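Novice: Chains A and B, in that order, give the protein sequences. Anchor point for the first sequence: position 179 equals 217 in this note's numbering, and the numbering is continuous, going up by one each time. Anchor point for the second sequence: position 67 equals 52 in this note's numbering, and the numbering is continuous, going up by one each time. Don't be surprised by glycine CBs; every beta carbon is placed ideally from N, CA and C. Quick caveat, the model's predicted, so the values are computed rather than measured. One structure, pasted below without further comment.
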Amino acid sequence: MTREVNVSEITEALAEMCIRANHFLSEDMKAALDKAAEKEGSALGKDILSQLQENLDIAGKDMIPICQDTGMAVVFLEIGQDVHLCGGNLEDAVNQGVSKGYTEGYLRKSVVNDPIIRENTGDNTPAVIHEKIVPGDKIKIILAPKGFGSENMSRIFMLKPAQGIEGVKKAILTAVKDAGPNACPPVVVGVGIGGDFEKCALLAKEALTRSTDERSPLRHIKELEEEMLEKINETGIGPGGLGGHITALAVNINTYPTHIAGLPVAVNICCHVNRHVSLTI
Amino acid sequence: MEYRLKVPFSGDEIRNLKAGDKIFLSGTIYTARDAAHKRMDESLDKDGSLPFDIKGNVIYYMGPSPARPGKVIGSAGPTTASRMDIYTPRLLDLGLLGMIGKGKRSPEVHDAIVRNGAVYFAAIGGAGALLSRCIKKSEVIAYDDLGTEAVRKLTVEDFPCIVVTDPEGNTLY
């Protein structure tokens, strides 16, 4: 049996999600920041973290975006194979939702039409859309508006299999250290290991949408997440990059099978405003 | 140390600032980011003009979110400064005395800061809602077509920032 879903439902859902994601952080991110503020030993670092907490309060109360960079809208759609989409083109519906949310929600329009000509599109479209067909008759929408201060500091490393787990650790640490203050620490580090070039980057981006308090179900990857968080927090970069213990709030690693000749590692860095909201239709 | 300073600067009041000092700025500052810097650079090439008198002034690397009705401005935190590095030494040599942004600068910018006795401040990245409270007036004065990237004249009160590179070239990061 197929279930009919009008794409206008996706438009309306996304418009609301854009506004919500840019004014309210998810519970896991709030908890991670609270914990960081408690644990930070440097006086300046503690001061910065408490200002970030105050910033969050003001954003929600006064409806001012948490950060002026309200991001490029990254939309993950998990579409049940028993769903029949009607009422229009799916990607148009997604972009209409983003346009509505960014316009009605007083969010910044940060998208240019062509990477070379660079004219602002005026409504923050198009979104970056990733679609996946899954079993079932539901549609899950995940929206992750991504700021570019941290996006610019993201990296992909095509390692050799011989470099192994030590090579992976070095790649992650290199990316975070090079990002330094530019990525607005404390950061969340999304890591992809495996797949091919583009799959690896996508794994890293997806990892950022995972809750910061949820560790990988794979034991060796969970241990790697924990070890990397510890190592990153020994770099001394600290909140705002001005020195301190809390440089990262979490390291989320997603993996995928890869080729006998390769070991791709992608590091997608997100600032402390790691926005992700989801909804199922 | 903590200081309250008025902007624009004369130059004397910033001479003894040290990397790590906490500063509260009050007065007039100007916003410009990537696209506005490119236009200012082209304008200097063409006829030597800039949309505002740069002498003693401070540029804030910032593109705000739109103001809700009745509000002065939307979210208004700093953007990464290094993207402006290729344009900055020229502006410093023309009299720019301060910049507010986040992140590291190039060796060329560092040298130009020292050569001109200027200062580079960091504001807290990702605290745009909090920082917007220190902005009392905002007016687009050039390149309106650039939207968020237009040049804005801002009146600020006790705008908090930290000295990252002082006029002697000491650097916090």
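Let me know the beta strand (DSSP E) ranges lying completely inside the stretch 170 to 215 of chain A, each 3 residues or longer, listed in chain order.
Specialist: 177 to 184, 193 to 197
Novice: Taking Cβ positions, are A/T250 and A/A70 nearer each other than 7 Å?
Specialist: In the first sequence, counting from the first residue as 1, residue 250 of chain A sits at position 212. In the first sequence, counting from the first residue as 1, residue 70 of chain A sits at position 32. A contact, by the Cβ cut-off of 7 Å.
Novice: Pull the bridge partners of A/H122 from the DSSP assignment, please.
Specialist: As a first step, residue 122 of chain A is located in the first sequence; it is residue number 84 there, counting from the start. Paired residue(s): A/E42.
Novice: Short check: CB of A/A182 to CB of A/F195, under 7 Å?
Specialist: Your numbering for residue 182 of chain A matches position 144 in the first sequence. Your numbering for residue 195 of chain A matches position 157 in the first sequence. Taking 7 Å as the Cβ cut-off, A/A182 and A/F195 do not qualify as a contacting pair.
Novice: Got a sec? Which residues, its chain only, sit under 6 Å from B/G12 by beta carbon, not counting five neighbours each side?
Specialist: As a working mapping, residue 12 of chain B is identified with position 27 in the second sequence. Taken in chain order, the residues that qualify are K(-9), V(-8).
Novice: For the stretch 121 to 151 of chain A, enumerate the residues whose C-beta is nearer than 8 Å to any C-beta of chain B, in chain order.
Specialist: Y144, L145, R146, K147, S148
Novice: Using C-beta distances below 6 Å, list every residue in its chain close to A/V114, excluding the 5 sequence neighbours before and after it, in chain order.
Specialist: Taking the first sequence and counting its residues from 1, the one referred to as residue 114 of chain A is at position 76. Checking the displayed sequence, the identity of residue 114 of chain A turns out to be Phe instead of Val. H168, I180.
Novice: According to the Cβ coordinates, are A/N158 and A/V136 closer than 7 Å?
Specialist: Counting from 1 along the first sequence, the entry for residue 158 of chain A is found at position 120. Counting from 1 along the first sequence, the entry for residue 136 of chain A is found at position 98. It is not a contact, given that the beta carbons lie outside the stated cut-off.
Novice: If you check the beta carbons only, do A/D277 and A/I86 fall under 7 Å apart?
Specialist: Your numbering for residue 277 of chain A matches position 239 in the first sequence. Your numbering for residue 86 of chain A matches position 48 in the first sequence. Checking the sequence shown, residue 277 of chain A turns out to be Pro, not Asp. Going by C-beta atoms, A/P277 is nearer than 7 Å to A/I86.
Novice: Give the single residue among A/G187, A/Y294, A/K237 whose Cα lies nearest to the Cα of A/A217.
Specialist: Indexing the first sequence from 1 puts residue 217 of chain A at position 179. For A/A217, the closest alpha carbon among the candidates A/G187, A/Y294, A/K237 is that of A/G187.
Novice: Given a threshold of 16 other Cβ atoms within 10 Å of its Cβ, counted over all protein chains shown, does B/D151 qualify as buried or as exposed?
Specialist: Position 166 of the second sequence, counted from the start, is the residue given in the question as residue 151 of chain B. That one is buried.
Novice: Report the residues of the stretch 264 to 292 of chain A with a CB closer than 7 Å to any CB of chain B, ordered along the chain.
Specialist: Within the stretch 264 to 292 of chain A, the residues whose Cβ lies closer than 7 Å to some Cβ of chain B are G278, G279, L280, listed in chain order.
Novice: Under 7 Å Cβ-Cβ, which residues of chain A neighbour B/Y158?
Specialist: Taking the second sequence and counting its residues from 1, the one referred to as residue 158 of chain B is at position 173. Ordered by position in chain A, the residues that pass the 7 Å Cβ test against B/Y158 are G218, P219, G279.
Novice: So what does DSSP say about A/H168, is it helix, strand or coil?
Specialist: Position 130 of the first sequence, counting from 1, holds the residue named residue 168 of chain A. In this structure, A/H168 counts as strand in the three-state DSSP scheme.
Novice: Spell out whether any CB of chain B is found under 7 Å from the CB atom of A/A213.
Specialist: As a working note, residue 213 of chain A is residue 175 in the first sequence. Closer than 7 Å: no.
Novice: Given B/D143, which residues of its chain have a CB within under 8 Å of its CB, disregarding the five upstream and five downstream residues?
Specialist: Sequence index remark: in the second sequence, residue 143 of chain B carries index 158 (1-based). Exclusion of the five residues before and after B/D143 leaves R(-11), F9, L10, S11, C119 as the residues of its chain whose Cβ lies within less than 8 Å of its Cβ.
Novice: What residue from A/D175, A/I155, A/Q106, A/D130 has the CA that sits closest to A/L52's CA?
Specialist: Counting from one through the first sequence, the residue named residue 52 of chain A turns up at place 14. When each option's Cα is compared against that of A/L52, the closest is A/D130.
Novice: From the beta carbon of B/R53, is the nearest beta carbon of chain A less than 7 Å away?
Specialist: Counting from one through the second sequence, the residue named residue 53 of chain B turns up at place 68. It does; some Cβ of chain A falls within 7 Å.
Novice: Need the endpoints of the alpha helix (DSSP H) that A/E265 sits in, please.
Specialist: The residue you call residue 265 of chain A lines up with position 227 of the first sequence. Here the alpha helix (DSSP H) through A/E265 covers 257 to 270.
Novice: Quick check: what's the CA-CA separation for A/K269 versus A/C222?
Specialist: Taking the first sequence and counting its residues from 1, the one referred to as residue 269 of chain A is at position 231. Taking the first sequence and counting its residues from 1, the one referred to as residue 222 of chain A is at position 184. C-alpha separation (whole angstroms): 18 Å.
Novice: Decide if B/S(-5) is buried, meaning its Cβ has at least 16 other Cβ atoms within 10 Å, or exposed.
Specialist: Here residue -5 of chain B refers to the residue found at position 10 when the second sequence is read from its first residue. That one is exposed.
Novice: Tell me which residues share the same chain as A/E78 and place their Cβ nearer than 7 Å to its Cβ, disregarding the 5 neighbours each side in the sequence.
Specialist: What you label residue 78 of chain A is simply residue 40 of the first sequence in a count that begins at 1. Cβ within range, chain order: K84, L87, P277, G282, H283, I284.
Novice: So, for A/A288: in the same chain, excluding its five sequence neighbours on each side, which residues have a beta-carbon less than 6 Å away from its beta-carbon?
Specialist: In the first sequence, counting from the first residue as 1, residue 288 of chain A sits at position 250. V226, T250.
Novice: May I ask you to list the residues that DSSP assigns as paired with B/T140?
Specialist: Indexing the second sequence from 1 puts residue 140 of chain B at position 155. Answer by DSSP bridge pairing, in chain order: B/T13, B/K122.
Novice: Quick check on the DSSP output: the alpha helix (DSSP H) that includes B/E(-13) runs from which residue to which?
Specialist: Your numbering for residue -13 of chain B matches position 2 in the second sequence. Segment -13 to -8 is the beta strand (DSSP E) holding B/E(-13); no alpha helix (DSSP H) there.
Novice: Alpha carbon to alpha carbon, how far is A/G232 from A/V303?
Specialist: Walking along the first sequence from the start, residue 232 of chain A turns up at place 194. Walking along the first sequence from the start, residue 303 of chain A turns up at place 265. If I take the Cα positions, the gap works out to 7 Å.
Novice: Using CA coordinates, which residue listed in A/I275, A/V132, A/L145, A/I96 is at the minimum distance from A/S80?
Specialist: Counted from its first residue, the first sequence places residue 80 of chain A at position 42. The residue with the shortest Cα to Cα distance from A/S80 is A/I275.
Novice: Strictly below 8 Å CB to CB, what residues from chain B border A/N162?
Specialist: As a position in the first sequence, residue 162 of chain A is number 124, starting the count at 1. Chain B residues near A/N162: none, gap ~11 Å exceeds 8 Å.
Novice: Just tell me which of A/V214, A/V43, A/R313 has its CA closest to the CA of A/N190.
Specialist: Taking the first residue of the first sequence as position 1, residue 190 of chain A is located at position 152. Residue A/V214 is the option with its Cα nearest to A/N190.
Novice: In chain B, which residues lie with their C-beta within 9 Å of the C-beta of A/C309?
Specialist: Residue mapping note: residue 309 of chain A aligns to position 271 of the first sequence, counting from 1. The contacting residues are G110, G111.
Novice: What is the C-beta distance between A/L317 and A/M55, in whole angstroms, given that I count them as a contact (C-beta under 8 Å)?
Specialist: Here residue 317 of chain A corresponds to residue number 279 of the first sequence, with the count starting at 1. Here residue 55 of chain A corresponds to residue number 17 of the first sequence, with the count starting at 1. Confirmed, Cβ separation roughly 6 Å.
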